[in-house]
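**Q** Here's a structure for you.
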Amino acid sequence: MILIVGPSGAVGLPLIQELLRKNAEVRALSSSDVSAAHLRDLGVADVVRGDFRNTNDVKRAMSGVDNVCLIPPRFQEDELDIGKRVVDAAVGEGVSHFLFSSAYHAQMEDLGHHWQKLRLEEYLINTDLRVSVVQPSMFMQNIRVEWPKVLETGLYARPYSPDSLMNVIDTGDLAAAMARILLEPAFQGASYELCGADLLSHTQMAEIISGELGRKVTAVQRDLSDWQAWARDRNWTVYAIDTYSAMCRHYDTHGYKYGNDIILKAILGRPPTTYREFIRRFVAANTS
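Counting from 1 along the sequence shown, just add 260 to a position and that's the residue number in the numbering used here.
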């Protein structure tokens with residue numbers, strides 16, 4: 261039995277779908293009725309309704325499990341505490357394997373959501389569990405947030421320099437790699453930087469989008485204060501806004517580079533999805 265903690269986000273959903281496609285026995289810990297219903301609609305028969313901030317809920321979800329995957333929530337101030345709670349429950353249950361979805365460049369102390377992941381990696385090492393860690397680069401699917409504005413205005417706006425270079429990975433490829441790690445012991449017990457083949461600026465991404473969409477798209481820099489106002493209107497916490505802002509300032513200066521696809525290619529057994537291939541598929545699915 262594989263328990264997925266964090267099953268309903270950008271990584272969790274494609275991972276669930278990949279595991280179900282492989283006929284794996286999956287349990288999901290879901291924190292909302294809406295998410296739980298969606299997971300059941302996808303085919304997850306065993307959905308535990310509970311809160312990863314509640315120790316009893318986590319222990320209940322962990323009962324009878326031998327394989328765990330933790331995908332932590334984004335930009336949460338107590339991310340490390342959440343992770344430790346899940347790890348402690350896994351130790352108590354005596355699971356055979358624990359997969360943690362961390363981040364590329366987790367050692368960036370100035371980026372709070374990265375640093376908390378690194379601290380959990382350290383915590384996991386000291387448990388003596390059989391641990392695997394994936395450290396993925398930027399998700400190609402992040403464009404979903406900006407896509408309506410791209411179609412409406414022809415502008416691809418991000419709150420950092422459009423010329424900063426980013427390594428990008430398709431979350432479908434990430435899910436496929438994570439599924440192999442969960443299901444095949446030969447891949448377990450290691451830490452993997454999972455990066456795509458493309459190192460692109462958002463200006464270059466916009467050129468690819470233009471070619472596949474058939475009309476001009478231009479990458480522009482959104483003022484960070486404008487993004488911060490947008491986030492406050494959507495009830496982002498102060499911690500989340502500060503952390504995301506620190507990330508944007510880092511990207512503005514340094515990008516999110518370099519990375520290579522050697523490890524991802526080895527786990528997938530095929531070349532990873534290119535950005536152009538992803539955009540071609542994305543445009544076909546998201547334009548009328």
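Don't be surprised by glycine CBs; every beta carbon is placed ideally from N, CA and C.
Quick caveat, the model's predicted, so the values are computed rather than measured.
Please tell me whether T534 and F335 are closer than 8 Å, where the distance is taken between their beta carbons.
**A** The count along the sequence shown starts at 1 and reaches residue 534 at position 274. The count along the sequence shown starts at 1 and reaches residue 335 at position 75. No, the Cβ-Cβ distance between T534 and F335 is not below 8 Å.
**Q** Going by DSSP, what residue range makes up the beta strand (DSSP E) through L459?
**A** To locate residue 459, count along the sequence shown from 1; it is residue 199. Its beta strand (DSSP E) spans residues 459-461.
**Q** With H, G and I counted as helix, E and B as strand and the rest as coil, what does DSSP make of P532?
**A** The sequence position of residue 532 within the sequence shown is 272, counting from 1. If DSSP states are grouped into helix, strand and coil, P532 belongs with coil.
**Q** I think V477 touches S485, with their Cβ atoms under 8 Å apart; what is that distance to the nearest whole Å?
**A** Position 217 of the sequence shown holds residue 477. Position 225 of the sequence shown holds residue 485. Their Cβ separation, rounded to whole angstroms, is 24 Å, which puts V477 and S485 out of contact at 8 Å.
**Q** Need the endpoints of the beta strand (DSSP E) that H357 sits in, please.
**A** Walking along the sequence shown from the start, residue 357 turns up at place 97. Segment 357-361, the beta strand (DSSP E) holding H357.
**Q** In this structure, what does DSSP give as the bridge partners for S392?
**A** Working through the sequence shown from its first residue, we reach residue 392 at position 132. Per DSSP, L359.
**Q** Report the rounded CA-to-CA distance for W612 versus S461, giving the unit in angstroms.
**A** Since the first residue shown for the chain is 261 and the last is 548, residue 612 is missing from the structure and cannot be characterised.
**Q** Entirely within the segment 396-429 and at least 4 residues each: give me those alpha helix (DSSP H) ranges in chain order.
**A** Segments of the alpha helix (DSSP H) lying fully in the segment 396-429: 403-413.
**Q** Using 8 Å as the threshold, is the C-beta distance between L384 and L340 below it?
**A** Here the question's residue 384 lines up with position 124 in the sequence shown. Here the question's residue 340 lines up with position 80 in the sequence shown. Contact: no.
**Q** In chain order, what are the residue ranges of uninterrupted alpha helix (DSSP H) at least 4 long that sit wholly in the segment 306-342?
**A** The qualifying runs are 315-322.
**Q** Just to check my reading of the structure: S421 and D512 have Cβ atoms closer than 8 Å, yes? What is that Cβ distance to the nearest angstrom?
**A** Position 161 of the sequence shown holds residue 421. Position 252 of the sequence shown holds residue 512. About 5 Å separates the two Cβ atoms, so the contact holds.
**Q** For Y518, name the three-state secondary structure that DSSP assigns.
**A** Within the sequence shown, numbered from 1, the residue matching residue 518 stands at position 258. Here Y518 sits in coil by DSSP.
**Q** From which residue to which residue does the alpha helix (DSSP H) around L443 run?
**A** Taking the sequence shown and counting its residues from 1, one reaches residue 443 at position 183. 431-443 is the extent of the alpha helix (DSSP H) around L443.
**Q** Check this for me: beta carbons of A270 and F360, under 8 Å apart or not?
**A** The residue given as residue 270 occupies position 10 in the sequence shown. The residue given as residue 360 occupies position 100 in the sequence shown. Cβ atoms of A270 and F360: not closer than 8 Å.
**Q** In whole angstroms, give me the CA-to-CA distance for P532 and D493.
**A** Residue mapping note: residue 532 aligns to position 272 of the sequence shown, counting from 1. Residue mapping note: residue 493 aligns to position 233 of the sequence shown, counting from 1. Cα-Cα distance, rounded: 37 Å.
**Q** Tell me whether the beta-carbon of D317 lies closer than 8 Å to the beta-carbon of M261.
**A** Taking the sequence shown and counting its residues from 1, one reaches residue 317 at position 57. Taking the sequence shown and counting its residues from 1, one reaches residue 261 at position 1. Contact: no.
**Q** Do the CB positions of P396 and L459 come within less than 8 Å of each other?
**A** For the purposes of this step, residue 396 is taken as the residue at position 136 of the sequence shown. For the purposes of this step, residue 459 is taken as the residue at position 199 of the sequence shown. Contact flag unset, no.
**Q** If you reduce the DSSP assignment to three classes, tell me which class A284 lands in.
**A** To locate residue 284, count along the sequence shown from 1; it is residue 24. Looking at A284 - three-state DSSP - the assignment turns out to be coil, as it is neither helix nor strand.
**Q** Using three-state DSSP, classify A466 as helix, strand or coil.
**A** Here residue 466 corresponds to residue number 206 of the sequence shown, with the count starting at 1. Of the three classes helix, strand and coil, the one that applies to A466 here is helix, per DSSP.
**Q** Do I276 and V304 have their C-beta atoms within less than 8 Å of each other?
**A** In the sequence shown, residue 276 corresponds to position 16, counting from 1. In the sequence shown, residue 304 corresponds to position 44, counting from 1. In this structure, V304 lies closer than 8 Å to I276 by Cβ.
**Q** Mind checking which residues open and close the alpha helix (DSSP H) that includes E381?
**A** Your numbering for residue 381 matches position 121 in the sequence shown. 372-385 is the extent of the alpha helix (DSSP H) around E381.
**Q** Does the beta-carbon distance from E382 to W375 come in below 8 Å?
**A** Translated into positions along the sequence shown, residue 382 becomes position 122. Translated into positions along the sequence shown, residue 375 becomes position 115. Not in contact: E382 and W375 (Cβ atoms no closer than 8 Å).
**Q** Would you call P267 buried or exposed, if buried means 16 or more other Cβ atoms sit within 10 Å of its Cβ?
**A** Taking the sequence shown and counting its residues from 1, the one referred to as residue 267 is at position 7. With 16 or more Cβ atoms within 10 Å of its Cβ, P267 is classed as buried.
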